[in-house]
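Just below is one structure, and these are the notes that go with it.
2 protein chains.
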Amino acid sequence: MSLRHALLGVLTARPMNGYSLARFFAGSQNWVWSAPQSQIYGALKTMETSGLIDASREEGQNGLETKVYSLTDEGVAELTRWVSTSHAPAPTRDAFALQALYFDSIPAADARAVLEGYIRSQAQQLEEWERHRDALANLDTPLLQERLKSRPKGEHRRISRLKAHVFEGQILQAKARIDWAERALVLVGDAEGEDDEG
Amino acid sequence: MSLRHALLGVLTARPMNGYSLARFFAGSQNWVWSAPQSQIYGALKTMETSGLIDASREEGQNGLETKVYSLTDEGVAELTRWVSTSHAPAPTRDAFALQALYFDSIPAADARAVLEGYIRSQAQQLEEWERHRDALANLDTPLLQERLKSRPKGEHRRISRLKAHVFEGQILQAKARIDWAERALVLVGDAEGEDDEG
DNA sequence: CAATGCATGTAAGGGGTTACATGATTCT
DNA sequence: AGAATCATGTAACCCCTTACATGCATTG
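Protein sequences appear in the order of chains Z and W.
For the first sequence, position 40 matches number 39 in numbering that gives the first Met the number 0, and the numbering has no gaps at all.
For the second sequence, position 76 matches number 75 in numbering that gives the first Met the number 0, and the numbering has no gaps at all.
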């Protein structure tokens, strides 16, 4: 559902081809939406068919012919409409919380190892988000710079602050998860020597 | 992927039929995994085929014949294995953060309305999770009581604390989201009168 | 007798993942 | 010559959503 809006959002910064969009979304360790390459091309095709974006054949970086997509008026309107609308939250589906619900039924050492791995991956993600937040706050990302070219200078500070704040939100959540996991380590460790089936 | 493990986890408390499981997972406003009824029956069938659970025909609440599923040894082993293993975090896909990234391009009043709706829904979810956490801490949920029957009394307190802590984690995250959204309200409101395209 | 609850399923369609396939250009 | 990068796609499979379909039993 939202991949389309993510693509529309990126394309408001500047027109891009499928390959660049795919790189942006692939893995995407530091953004709020990710998608594999194979999904991008299909989505772009259906979005073109439904009139949200336009393709123009242009020369790529190496003289290769590429399809460069840009927003149509309809695409801009759809993004604006979507951003302005309240959407019901997606149903909860938290695999790690599910896993943690059954830590009481495995050896404490195993639960500790899983929690530590979780903390490591959250800490890494946290770092990446902090970097991205700082880059946005300093107007130091390529896409933001492109985007600001079509906005009056007086708005630049407000825009960069708003975008940085979105990643501040991700940061706060990652920190909450890390704090939680550290307290879980204590809870699990409490019963050292506890084993499997009781 | 994890619906199977969620089902295995619930079935460790007691054998259940598809209908009860469907009610448990449907909407599931206060648990960590949700799934619609239509998904449950299919998942149960494939899990039975792959030997994770066993079905036995028994009498339901009203003399109706129902299929009651219980874990096989293989099912227990699979759940234990899954819970004991570190899993890579799912790629980020945060629709609300995506939406918030473009609040700078809509009227501030619209952004405020969306944020307020978000805060309301998060606050509601928060309340439900707090109720559930408290119920677990007080050994006051039907499923936990069933589950504890097969565990030594000495472990009851530890188990209920661990489970309650999982929901404490959800609570902390919901609070972080609400705090974030409230600061976002200030940031957005800063530029009162700012409009659409600049 | 109608509505609600118990109980089990199917079907169609969309979204996401993994892997495969192809071809040109640039770098080493 | 071989590897990496640019560039665009396809195919199979699984998960999830929405909706439909059926039938028995209880309650008002």
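Note that beta-carbon positions come from the ideal geometry of N, C-alpha and C, so glycine has one too.
Contacts that residue i makes with chain Z (C-beta to C-beta distance below 7 angstroms)
i: ARG3(W); result: Those within 7 angstroms of ARG3(W) in chain Z number zero; the least Cβ separation is about 11 angstroms.
i: THR140(W); result: Going along chain Z, no residue has its Cβ under 7 angstroms from THR140(W), so there is no contact; the nearest lies around 12 angstroms.
Nearest-angstrom beta carbon gap, residue j and residue i [assumed within contact, 8 angstroms]
i: ALA25(W); j: PRO14(W); result: The Cβ separation is near 19 angstroms, so there is no contact.
i: LEU10(W); j: SER49(W); result: Wrong, their Cβ atoms sit about 14 angstroms apart, outside the cutoff.
i: ALA183(Z); j: GLN121(Z); result: At roughly 12 angstroms, the Cβ-Cβ gap does not stay under 8 angstroms, so ALA183(Z) and GLN121(Z) are not in contact.
i: GLY8(Z); j: TYR101(W); result: 6 angstroms
i: ARG146(W); j: ALA12(W); result: 4 angstroms
i: GLY188(Z); j: ARG111(Z); result: 6 angstroms
i: GLY17(Z); j: ILE39(Z); result: 6 angstroms
i: LEU161(Z); j: ASP103(W); result: 5 angstroms
i: LEU114(Z); j: ALA180(Z); result: 5 angstroms
i: ILE52(W); j: THR79(Z); result: Not confirmed; about 48 angstroms, so no contact.
Chain W contact residues for residue i, given Cβ-Cβ distances below 8 angstroms
i: GLY8(Z); result: LEU97, LEU100 and TYR101
i: SER33(Z); result: PRO90, THR91 and ARG92
i: LEU143(Z); result: Within chain W, no residue comes near LEU143(Z); the closest Cβ sits about 11 angstroms away, beyond 8 angstroms.
i: LYS162(Z); result: LEU100 and ASP103
Exposure label - residue i; buried when at least 16 CB within 10 Å
i: GLY74(W); result: buried
i: ALA163(Z); result: buried
i: THR84(Z); result: exposed
i: SER55(Z); result: exposed
i: MET46(Z); result: buried
i: SER37(Z); result: exposed
i: GLU167(W); result: buried
i: ASN29(W); result: buried
i: ALA42(Z); result: buried
Within chain W, the residues that residue i reaches when beta carbons sit closer than 7 angstroms
i: GLN169(Z); result: ALA96
Cutoff 8 angstroms: residue i Cβ touching any chain W Cβ
i: LEU186(Z); result: yes
i: GLY197(Z); result: Because the pLDDT of GLY197(Z) is 35, which lies under 50, any placement of that residue in the model is unreliable, and the number read from its coordinates should be weighed accordingly. It does; some Cβ of chain W falls within 8 angstroms.
i: PRO14(Z); result: no
i: LEU78(Z); result: yes
i: ASP72(Z); result: no
i: ALA42(Z); result: no
i: GLN172(Z); result: yes
First and last residue of the uninterrupted alpha helix (DSSP H) at residue i
i: THR65(Z); result: Unbroken run through THR65(Z) is the beta strand (DSSP E), 64-70; no alpha helix (DSSP H).
i: ILE52(W); result: Careful: ILE52(W) lies outside any alpha helix (DSSP H), inside the beta strand (DSSP E) at 52-58.
i: PRO141(W); result: 141-147
i: TYR117(Z); result: 107-136
i: PHE102(Z); result: Careful: PHE102(Z) lies outside any alpha helix (DSSP H) and carries neither H nor E.
i: SER33(Z); result: No alpha helix (DSSP H) contains SER33(Z), which DSSP labels as neither H nor E.
i: ALA21(Z); result: 17-24
is_contact[residue i, chain Z] using C-beta, thresh 8 angstroms
i: GLY116(W); result: yes
i: SER104(W); result: yes
i: ALA134(W); result: no
i: ALA21(W); result: no
i: VAL67(W); result: no
i: ARG130(W); result: no
Proximal residues of chain Z, C-beta to C-beta of residue i below 8 angstroms
i: ILE158(W); result: ASP103
i: HIS86(W); result: ALA94, PHE95 and GLN98
Beta-carbon neighbours of residue i, restricted to chain Z and to distances below 9 angstroms
i: ARG111(W); result: Those do not exist, as ARG111(W) stays about 11 angstroms from chain Z at its closest Cβ, beyond 9 angstroms.
Neighbouring residues, chain W, relative to residue i (Cβ below 9 angstroms)
i: GLN36(Z); result: Those do not exist, as GLN36(Z) stays about 13 angstroms from chain W at its closest Cβ, beyond 9 angstroms.
i: ALA122(Z); result: Correct list: empty, because the minimum Cβ distance to chain W is about 12 angstroms.
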